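For reference, the structure is listed below as structure tokens.
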Amino acid sequence: MIGIEDNEAPGKNRDRRQQVLDAAAKCFREEGFHGCSIARISKAAGMSPGHIYYHFANKEAIVEALVAQQENSLIELVNNIAASPADEQLVDTLTRHTAKMVEHHTAPDFVGLWLEMAAEAARNPSISRLIKLSNKTIDAKFDEQLIAKGKATSMEDLKRLSIGMEIITIIFNGLSVRAATQAKEDSVPKLLLTETINDIISHLFTRK
1 MIGIEDNEAP GKNRDRRQQV LDAAAKCFRE EGFHGCSIAR ISKAAGMSPG HIYYHFANKE
61 AIVEALVAQQ ENSLIELVNN IAASPADEQL VDTLTRHTAK MVEHHTAPDF VGLWLEMAAE
121 AARNPSISRL IKLSNKTIDA KFDEQLIAKG KATSMEDLKR LSIGMEIITI IFNGLSVRAA
181 TQAKEDSVPK LLLTETINDI ISHLFTRK
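Position 9 (the sequence shown) corresponds to 9 in full-length UniProt numbering; numbering is contiguous.
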């Protein structure tokens, strides 16, 4: 029996998968996780439920993909460390990425979905597990690159740098909360935010 998408090219499958994720993200932002069923996502995506289930086994699988998508900026940061020249200081690799991180973590679409995920994680163990697993995976990749690039030459080094990255993550998470709760006219200019965060990164990641 020929499947719904069997005759479509891989690129088109990726596009349709992303179409589902975009529709689900919009639905979750507007109606919350509980208010957004597969039928609702199907309608928002302009697809039949059968097409949705071709790409995702259930709603939790959609949420898992969205969690991974939300974490793309941190994965990109880890990849930048992996691709950086061997003699480049870690602080230079990180600060080069700050302006993009500020934009990402203050973008309305990201903020709306991230806050909904955080709220749902507080009351739904399944969502909490997905987010914690994603965070743990990113932390492990970061530690792996620190060791591979020779940035951490001892367990003490690794612990110090890992704590530094945790602090930076907290700052960006807080930035997203602030973006949702602060009046636009009271917000700090993004250039100043970037410069200030870079000062903090320099303090945390410059070898003493």
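Every residue, glycine too, gets a C-beta built ideally from N, C-alpha and C.
All values derive from a computational prediction rather than experimental measurement.
Item, Value
"Kindly indicate which residue of 71, 93, 87 has the alpha-carbon position closest to the one of residue 80.", "93"
"For residue 73 and residue 105, I'd like the C-alpha separation in whole angstroms.", "9 Å"
"Could you tell me the distance, in whole angstroms, from the CA atom of residue 60 to the CA atom of residue 159?", "33 Å"
"For residue 22, collect the residues of the same chain with a Cβ closer than 8 Å to its Cβ; drop the 5 residues on either side in sequence, then sort them by chain order.", "45"
"Tell me the rounded alpha-carbon separation between residue 192 and residue 198.", "10 Å"
"Tell me whether residue 206 is buried or exposed, calling it buried when 16 or more other Cβ atoms sit within 10 Å of its Cβ.", "exposed"
"Using DSSP with H/G/I as helix, E/B as strand and the rest coil, what is residue 67?", "helix"
"State the start and end residues of the unbroken alpha helix (DSSP H) segment that holds residue 112.", "108-123"
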